[in-house]
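Here UniProt numbering is used: the sequence shown runs in plain steps of one and ends on residue 458.
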Amino acid sequence: MGNLWSKEQVKEEEVIEQEEKISITTIEESTVGSKRAADPDQESPKAKKTKKNKRDSRPRQPPLEHSGPREPRLPKKKVALLIGFNGTGYQGLQLNPNSKTIEGEVFEALCKANGVSKDNANDPKKVNWMRCARTDKGVHAAGNILSLKMQIPSDYDIVERTNSFLPEQIRVWGYVPVIGSFNPKTLCDSRIYEYLLPTYVFMEPIKPEITSEQVHEDDLMLSTMVDGEPTTFYARRSTPELIEKRHAYRATQQQLEKFKKAVKLYEGSHNFHNYTIGKGYKDHSSMRYIKNITVSEPMYIRDTEWLSIKLHGQSFMLHQIRKMISMAMLIARTETPVSLIQQTFGEKRINIPKAPALGLLLERPVFDVYNDKLLQKTSKEDRIKIDFDVYKDKIETFKQEWIYSKIFDTEIQEHVFDGFLTFLDAQLGHEYDYLNPEGVIPDICIVHTKYNNKGDDD
1 MGNLWSKEQV KEEEVIEQEE KISITTIEES TVGSKRAADP DQESPKAKKT KKNKRDSRPR
61 QPPLEHSGPR EPRLPKKKVA LLIGFNGTGY QGLQLNPNSK TIEGEVFEAL CKANGVSKDN
121 ANDPKKVNWM RCARTDKGVH AAGNILSLKM QIPSDYDIVE RTNSFLPEQI RVWGYVPVIG
181 SFNPKTLCDS RIYEYLLPTY VFMEPIKPEI TSEQVHEDDL MLSTMVDGEP TTFYARRSTP
241 ELIEKRHAYR ATQQQLEKFK KAVKLYEGSH NFHNYTIGKG YKDHSSMRYI KNITVSEPMY
301 IRDTEWLSIK LHGQSFMLHQ IRKMISMAML IARTETPVSL IQQTFGEKRI NIPKAPALGL
361 LLERPVFDVY NDKLLQKTSK EDRIKIDFDV YKDKIETFKQ EWIYSKIFDT EIQEHVFDGF
421 LTFLDAQLGH EYDYLNPEGV IPDICIVHTK YNNKGDDD
């Protein structure tokens with residue numbers, strides 16, 4: 001399933017490469033052959049000849065011998081590598097020295113499978129390594145794209161061989177030959193994410209026991225600003241009885257409708273500066289376009305009620321989806337009107353907490369524009385599109401076994417969302433005073449950073 005290229009396509013690409021080489025050589029030759037003005041500091045022909053004779057009289061060094069036989073050269077093609085992974089235990093997707101990353105595992109496996117030559121194994125840049133959608137620590141992906149110039153052996157399936165060197169929580173689905181200038185990040189026209197949310201997060205806030213010193217080993221340490229001063233305190237984690245009560249909770253129809261209305265307000269073009277870090281209201285890159293958001297009907301997994309939220313947008317910023325889910329959730333569990341969402345697109349800077357990374361996964365990047373242009377520019381009917389549906393059965397099996405089940409298992413064992421609620425309900429300051437029945441953002445909870453200084457609020 002991995003090698004999808006025909007011999008005709010390989011020949012076609014070789015002809016194109018030869019034509020590119022010829023055109024480059026022609027340019028170089030024309031440059032060399034052109035006349036230049038005389039340089040007053042240039043040596044005379046006689047002096048050059050004397051130097052040449054001296055060089056020729058020097059003893060020549062014998063050519064260096066290679067320590068071993070040269071590795072046979074295999075054909076290399078620019079490809080889009082379709083992958084999926086469970087991000088648990090990894091410091092995100094992107095290659096990072098001295099960190100355990102998804103890309104690090106995939107690159108190492110490709111080297112072992114001879115998809116990357118030994119000469120290029122020490123530096124991914126040598127094979128023009130790129131990624132489509134970067135994912136954070138602990139975030140999963142049913143589908144994502146890496147691109148590189150990959151060696152394609154003819155005597156075995158490179159996809160199968162690469163997977164044999166990968167842990168089961170990381171899979172290569174296949175590869176698609178792409179144009180030489182292919183950049184998966186810029187040519188991806190949109191991305192689809194999914195967030196799995198237990199509905200017990202809609203329960204009314206329950207104030208936990210708070211102390212100035214740690215009393216129990218598993219107490220949650222929290223830091224916040226109280227009256228302008230940084231304050232550290234400890235919150236008692238939920239009792240087994242409260243955790244059991246939360247998992248048995250079922251959202252009301254009113255809560256579900258309110259949550260759905262809230263997330264629908266994210267659709268369209270808005271300034272999402274409040275939903276990321278390191279960007280201000282006046283930063284043009286804070287503008288993002290959300291195509292569509294859908295919320296599933298409640299589903300019941302291991303006695304807990306869950307929702308699946310699908311978010312389809314052109315692109316998303318760091319933490320954006322987790323903050324979007326969190327804000328809609330906070331509105332649904334309080335008396336705050338959904339109109340607050342629209343206010344968050346304005347200049348006022350507020351602190352929106354991040355929902356746990358546990359529930360977030362990248363379903364797939366979308367390349368519809370690239371695929372359409374590719375088909376228009378070529379007469380070949382067998383030109384291959386970037387399409388995850390080719391592997392939908394394998395991907396669905398992987399999602400069930402390595403993403404969904406792991407999310408549910410982790411929540412049951414570690415009570416991740418319960419810990420998130422404890423953190424929210426234990427706050428002592430005024431950070432979340434924007435959660436009020438009037439739906440207004442009071443000045444006391446406005447955050448001032450270098451991205452929105454006090455003088456910039458007018």
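For each residue, glycine too, the CB sits at the ideal point set by N, CA and C. The structure presented is a predicted model; accordingly, all values stated were derived computationally and were not measured.
- Between the region 254 to 265 and the region 421 to 428, the count of Cβ pairs shorter than 8 Å is below three; the stretches do not touch.
- Counting C-beta pairs closer than 8 Å gives three or more between the region 336 to 348 and the region 255 to 272, which meets the contact rule.
- Pro184 is positioned such that its CB atom lies no closer than 8 Å to that of Glu105.
- Linking Pro240 to Phe233 through their CA atoms gives a straight-line distance of about 22 Å.
- Considering only Met299, Ile170, Asn271 and Val295, the residue with the shortest C-alpha distance to Tyr289 is Asn271.
- Per DSSP, the continuous beta strand (DSSP E) segment holding Ser269 begins and ends at Gly268 to Asn271.
- Ser181 is not a Cβ neighbour of Gln314, given a cutoff of 8 Å.
- Here the alpha carbon of Lys279 sits roughly 20 Å from the alpha carbon of Gly268.
- Rounded to whole angstroms, the gap between the alpha carbons of Thr449 and Asp219 is 30 Å.
- Boundaries of the beta strand (DSSP E) around Lys77: Lys76 to Phe85.
- The three-state secondary structure of Ser223, taken from DSSP, is strand.
- Taking all protein chains shown into account, Gln413 has fewer than 16 neighbouring C-beta atoms within 10 Å of its C-beta and is therefore exposed.
- Following the DSSP letters along the chain, one finds Pro177 inside the beta strand (DSSP E) bounded by residues Ile170 to Pro177.
- About 6 Å separates the Cβ atoms of Met150 and Lys77, confirming a contact at the 8 Å cut-off.
- In this structure the region 348 to 366 lies against the region 194 to 211, because at least three pairs of beta carbons, one per stretch, are closer than 8 Å.
- Per DSSP, reduced to three states, the secondary structure at Leu375 is helical.
- According to DSSP, residue pairing for Thr232 in a beta bridge involves Ser223.
- About 5 Å separates the Cβ atoms of Gly92 and Lys137, confirming a contact at the 8 Å cut-off.
- Residue pairing from DSSP places Asn292 in a beta bridge opposite His312.
- In this structure, the alpha-carbon of Ile407 lies about 13 Å from that of Gln169.
- Cα atoms of Thr397 and Ile403: separation of roughly 10 Å, rounded to the nearest angstrom.
- Per the coordinates, the alpha-carbon of Glu204 lies some 43 Å from the alpha-carbon of Val172.
- Met150 is bridged by DSSP to Lys77.
- DSSP places Met317 in the coil class of the three-state scheme, outside both helix and strand.
- For Arg191, there is no enclosing alpha helix (DSSP H); the residue is found in the beta strand (DSSP E) stretching over Ser190 to Pro198.
- Between Asn114 and Pro153, the C-beta gap is smaller than 8 Å, which places the two residues in contact.
- Nearest C-alpha to Thr231 among Trp306, Glu213, Val178 and Val369: Glu213.
- Separation of Thr199 and Leu307 (C-alpha to C-alpha, rounded to the nearest whole angstrom) is 7 Å.
- The beta carbon of Met327 sits closer than 6 Å to those of Ile352, all from its chain and outside the five residues before and after it, given in chain order.
- In the DSSP annotation of this structure, the continuous segment of the beta strand (DSSP E) that includes Leu361 starts and ends at Leu360 to Val366.
- When secondary structure is reduced to three states using DSSP, Ile444 falls in the helix class.
- Residue burial annotation: Leu148 is buried, with at least 16 other C-beta atoms found within 10 angstroms of its C-beta.
- A residue is called buried when at least 16 other Cβ atoms come within 10 angstroms of its Cβ; His319 meets this threshold and is buried.
- The secondary-structure analysis by DSSP pairs Ile407 with nothing; it has no beta-bridge partner.
- Here Met299 is exposed. Its C-beta has fewer than 16 other C-beta atoms within 10 Å.
- For Ile301, the enclosing beta strand (DSSP E) covers residues Met299 to Ile301.
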